[in-house]
Each structure stands twice: as structure tokens, then as C-alpha cells.
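Chains as they are written, first to last, in this note's numbering: chain A, 6 to 115; chain B, 1347 to 1459. A short worksheet on the structure shown next.
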Amino acid sequence: GESVGLHLPTLSVQEGDNSIINCAYSNSASDYFIWYKQESGKGPQFIIDIRSNMDKRQGQRVTVLLNKTVKHLSLQIAATQPGDSAVYFCAENAGNMLTFGGGTRLMVKP
Amino acid sequence: DGGITQSPKYLFRKEGQNVTLSCEQNLNHDAMYWYRQDPGQGLRLIYYSQIVNDFQKGDIAEGYSVSREKKESFPLTVTSAQKNPTAFYLCASSINREGSILHFGNGTRLTVT
């Protein structure tokens, strides 16, 4: 498959455990944040988003937390499954343009 | 089934040749984008277009050109002036440019030797 990041930070978790992927963003004016999942050989897929007037948002098995004080975003995946193995990107929006982080590779051990 | 189609998935070219990557969307989105992805780096914006017959340079536009003659199509030409063209290219679209969610195609891997 397509290699999307040979030197990415990697998080390795056991199947069934919870995963936490972190992202530090740079622009204090950013008011909208998105998490994307990219599987090998595919384009990024939207997972969940959050606006700056919130500090937590939950989806199906995923939760995004936003700490504006320290400009930190995290993605929590509950009961991680093999299908969750992918590269995860955070993106911030300031001035109507998305800026992407470098990504984190999540590896799920059976 | 709506989506973004990029073709081909793999493309090989000799140095000095121009090459055009195709991107078509049937989502009726106004805005379209081209990103470049290199190992260990995030997505970098090459060009974007908010409306037909209009497009703007992104962060790394040098050595690339685009056109937007139709709403559904946004081809990217990698010219011989691009010093390091080998990369994974991603096309995306959004309903508008106002902070909307981007929908991505599955990318084209370009290898120039």
C-alpha cells in the first residue's frame, strides 16, 4: 500500500484498549478543528470535528478534547480495533484555510 | 454514489516531462484543492479554487499549474520546473471555502525518474 509517513510518531496499542492521539496546534486564532484518518493507499477521511466554543465532542467510539489554553487537541478512540490502524491527522482552521499537522501512526496489536 | 475520483492511482514519468493529474468530483462542491503529501510531513497546499475559472496559489505552488474550466474538474499539471515532483498528490473538495470539511480523493502516487 501507499506509504504516507515513514517517520511519523507511532502509537502502538493492544486491541480492545483505548487510544489517545495528541496534537498541538499553532495558531491561537484557530476556531475549528478536524481529525482525519488515513489508511494506507487512501485519502484522508473525516472522523470528527470541534469548534473552539466547545471543549469536548463525542462521536461513535471517538471523543475529541480541545484545550485552548495550551493549544492542544486530542482524539480518544475507545475499544481500539484492528480497523483503526491508520495515520491520524489533526487540522486547524484559521482564516478559512485548513492547516494539517504531521500525523500520528496508530498500530493495533491483536 | 458521490465522491472524488483521482486518476491514475500510480503515474511514472521521466524527468523533464510535464504530467497532468486528474481530479473529478460529483458532490457539487464549489471549492477544490490540491495537496502534496511527503513521508513524515503533513499535507501541504499547492493550489485551490473557490469557483469556476478562478484559482489561488497555496503554500507550495512553484512548479505546478491548475485550471478550473468546469465545476467538477480541477486538473493539476506538474511541470518540469518542479524540482522534486515525486510525491503523493491528494485532491479535495468542500461545499465552500468557509472552513468546511474537506472530502478527499484516494490520491495519485507520482514517481519521476
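Cβ coordinates follow ideal geometry from the N, Cα and C atoms, glycine included. A quick note: this is a predicted structure, and the numbers were derived from the prediction, not measured.
- When Cβ-Cβ separations below 9 Å define contact, Thr-104(A) makes contact with chain B.
- Around Val-1458(B), the same chain offers Arg-1359, Glu-1361, Pro-1431, Thr-1432 as residues with beta carbons nearer than 6 Å, after the five sequence neighbours per side are excluded.
- Taking all protein chains shown into account, Ile-25(A) has fewer than 16 neighbouring C-beta atoms within 10 Å of its C-beta and is therefore exposed.
- The beta carbon of Gln-86(A) does not come within 9 Å of any beta carbon belonging to chain B, so the residue lies off that interface.
- In the structure shown, Asp-1405(B) adopts coil according to DSSP, grouped into three states.
- Counting the other Cβ atoms within 10 Å of the Cβ of Met-59(A) gives fewer than 16, which makes it exposed.
- Cβ contact annotation for Glu-1370(B) (same chain, cutoff 6 Å, sequence separation greater than five): Thr-1351, Glu-1418, Ser-1419, in chain order.
- Distances from the CA of Gly-1386(B) to each of Lys-114(A), Asn-98(A), Tyr-93(A) were compared; the closest alpha carbon is that of Tyr-93(A).
- The C-alpha of Asp-1400(B) lies about 16 Å from the C-alpha of Leu-1391(B).
- Judged by DSSP secondary structure, Glu-1370(B) falls within the beta strand (DSSP E) whose first and last residues are 1365-1371.
- For the segment 1380-1401 of chain B, the set of residues with a beta-carbon nearer than 9 Å to any beta-carbon of chain A comprises Tyr-1381, Gln-1383, Asp-1384, Pro-1385, Gly-1386, Gln-1387, Gly-1388, Leu-1389, Arg-1390, Leu-1391, Tyr-1394, in chain order.
- Residues of the segment 30-54 of chain A that bring their beta carbon within less than 9 Å of a beta carbon in chain B comprise Asp-36, Tyr-37, Ile-39, Tyr-41, Gln-43, Gly-46, Lys-47, Gly-48, Pro-49, Gln-50, Phe-51, Asp-54, in sequence order.
- Within chain B, Gly-1386 have C-beta atoms less than 7 Å from the C-beta of Leu-13(A), given in sequence order.
- In this structure, DSSP gives Asp-54(A) an extended state, which the three-state scheme calls strand.
- When 8 Å is used as the limit between beta carbons, Gly-108(A) is near these residues of chain B: Gly-1388, in chain order.
- In the DSSP assignment, Gln-1396(B) falls within the unbroken beta strand (DSSP E) covering 1389-1397.
- Taking a beta-carbon distance threshold of 9 Å, Gln-1371(B) does not count as an interface residue toward chain A.
- Inter-residue distance for Arg-1382(B) and Tyr-1435(B) is about 5 Å (C-alpha atoms, whole angstroms).
- Contact between the segment 35-44 of chain A and the segment 87-107 of chain A is established, with three or more Cβ pairs separated by less than 8 Å.
- Approximately 5 Å separates the beta-carbon atoms of Cys-95(A) and Leu-78(A); this is inside 8 Å, confirming the contact.
- Spanning the alpha carbons of His-1449(B) and His-1375(B) requires a straight line of approximately 10 Å.
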